[in-house]
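K.L.:
Before I ask anything, let me first share the structure, which is written out below as structure tokens.
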Amino acid sequence: MKRLAILVLAGVLLAACGGSSRLSMADYQKHLQDDGKPVESAVKALTSAANVTSLAQFATKADAAEAAVKHAADDLGSIKPPKDAEADNAAIVTGLNAIQSGLERLKKVAASGSSAAVLTAAASLESSPELKDAAKAIADLKQKGYKVGFLGV
């Protein structure tokens with residue numbers, strides 16, 4: 005009897021931890037929106053001509069953007085979204101990881117001092133298939149009624 009009580013207690017504790025439970029639509033939207041806010045700030049700082057006056061400054065801002073994107077990718081990759089958002093979430097995480105890698109390349113290219121090389125690397129990042137797939141996934145989530153925040157801009 006004692007053994008059965010321990011097993012039942014263990015089962016209750018595991019269920020309470022929510023190890024395999026999916027997020028509700030509202031909770032998932034909160035992750036999307038909360039993860040998008042720091043990405044939005046970092047991207048605005050990176051792309052604002054007034055904020056970037058040198059390639060060294062660009063590299064610093066790219067570093068901040070990379071950290072924000074990594075955090076968003078890590079968070080969205082660690083959660084269990086609603087079933088109808090599962091494939092879209094995976095595509096978004098892949099897209100965020102591609103952005104992170106692209107920003108890493110941009111930082112290295114900026115360190116070389118070549119503005120033309122930075123523009124080429126940025127164009128390569130913008131045209132990546134992972135970003136196109138993430139954009140489709142975000143559009144799909146919006147069509148399903150999800151409010152995705154900045155990630156949907």
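Position 74 of the sequence shown, counted from 1, bears residue number 78 in this note's numbering, the numbering being contiguous throughout. Think of the CB as a built atom: it goes at the ideal place given N, C-alpha and C, for glycine as much as any other residue. Just so you know, these numbers come straight off a predicted model, no measurement behind them.
1) Could you spell out the range, first to last residue, of the alpha helix (DSSP H) harbouring residue 42?
2) For my contact list, residue 65 and residue 49 are in at a C-beta cut-off of 8 Å; report their separation, rounded to the angstrom.
3) Between which two residues does the alpha helix (DSSP H) harbouring residue 4 extend?
4) By how many angstroms is the C-alpha of residue 136 removed from the C-alpha of residue 120?
5) Tell me the DSSP secondary structure of residue 119 in three-state form.
6) Exposed or buried, which one is residue 99 when buried takes at least 16 other CB atoms within 10 Å?
7) For the alpha helix (DSSP H) containing residue 62, name the first residue and the last one.
8) Determine the closest residue to residue 43 out of 138, 123, 77 and 25, with distance taken between C-alpha atoms.
9) Tell me whether residue 149 sits in a helix, a strand or coil according to DSSP, three-state version.
10) Measure the beta-carbon distance from residue 102 to residue 132 and round it to whole angstroms, keeping in mind my assumption that it falls under 8 Å.
11) Which whole-angstrom value is the C-beta distance of residue 62 and residue 114, which I expect to be below 8 Å?
P.N.:
On the basis of the supplied data:
1) 29-51
2) 5 Å
3) A query on residue 4 cannot be resolved here, the shown segment of the chain reaching from 5 to 157 and no further.
4) 24 Å
5) helix
6) buried
7) 59-82
8) 77
9) coil
10) 5 Å
11) 5 Å
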